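Numbering (this note's numbering), first residue to last: 68 to 311.
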């Protein structure tokens with residue numbers, strides 16, 4: 068009998084992200100620019116910029132492109148004033164969605180987000196309507212078969228607050244956002260490479276979807292992620308492994 072596989076959902080999400088690499092550079096450059104404008108041009112003292120820099124490196128972005136985005140952000144040279152905005156909404160089956168955007172035009176962005184949600188049966192909510200269903204945290208996901216003992220030792224010493232091992236032996240490490248850089252550096256020094264990592268909004272509970280609801284929900288997520296102004300999409304929805 069098919070059932071919910073968290074590891075299958077992680078691989079499914081990673082595969083979709085990899086397939087959308089074409090737009091990744093544009094979104095990362097915007098993130099770098101905003102981070103540099105808000106916190107300065109030094110990744111050593113600007114955690115948001117350090118995270119954006121790491122995303123750029125992981126996406127094989129040339130260092131010159133990264134540096135130009137930092138210079139543009141720190142100096143405000145391009146005249147474009149991006150701001151971070153978060154929208155909250157619902158998909159199918161009551162699944163909650165958080166949509167983090169960077170935009171220079173709020174009217175355009177909220178219109179695009181609302182259309183993406185409602186086209187396949189979702190709706191835009193009020194501020195705070197679903198945020199309580201998520202935890203702001205650092206997250207590292209290690210593939211089944213990774214050394215639980217080594218990961219736990221390194222993570223706890225570096226400031227992680229929780230290590231979760233599921234029935235498939237997938238290992239999830241959770242830490243406070245401010246400890247993310249230290250935990251990541253500790254894993255790197257120990258030669259431990261997670262499959263996925265980042266500072267995220269982690270769903271506290273899951274909404275399992277199957278059949279037509281799963282198909283429509285995936286369309287909502289895909290359409291949201293395809294929007295130029297959308298940086299990240301988080302949801303409580305998970306899909307039966309047969310639906311992937």
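Just so it is clear, CB atoms sit at the ideal spot from N, CA and C, and this is done for glycine as well.
Quantities reported herein were computed from a predicted structural model and do not represent experimental measurements.
In the three-state reduction of the DSSP assignment, residue 213 falls in the coil class, being assigned neither a helical nor a strand state. Taken in chain order, the whole alpha helix (DSSP H) runs of length 4 or more contained in the region 162-217 are 173-185. When only Cα atoms are considered, residue 236 and residue 216 end up about 12 Å apart. When DSSP reads this structure, residue 229 sits in a beta bridge with 241.
In the DSSP assignment, residue 100 falls within the unbroken alpha helix (DSSP H) covering 91-106. Per the DSSP secondary-structure output, residue 155 pairs in a beta bridge with 165. Residue 298 is positioned such that its CB atom lies no closer than 8 Å to that of residue 204. Per DSSP, the beta-bridge partners of residue 302 are 164. Per DSSP, residue 258 lies in no beta strand (DSSP E) segment and is marked neither H nor E. Counting along the chain, residue 275 sits inside the beta strand (DSSP E) bounded by residues 274-276.
Ranked by Cα distance from residue 280, the first of 158, 121, 75, 150 is 158. Annotation for residue 141: the continuous alpha helix (DSSP H) segment containing it runs 130-142. Beta-bridge partners assigned by DSSP to residue 267: 204. Per DSSP, residue 114 is one residue of the alpha helix (DSSP H) stretching across 114-125.
Fewer than three beta-carbon pairs drawn from the region 185-197 and the region 222-242 are found closer than 8 Å, and the two stretches are therefore not classed as touching. For the set 227, 175, 156, 166, the Cα lying nearest the Cα of residue 193 is the one of 156. Around the Cβ of residue 251, a 10 Å sphere holds 16 or more other Cβ atoms; the residue is buried.
Around residue 272, the same chain offers 200, 303 as residues with beta carbons nearer than 8 Å, after the five sequence neighbours per side are excluded.
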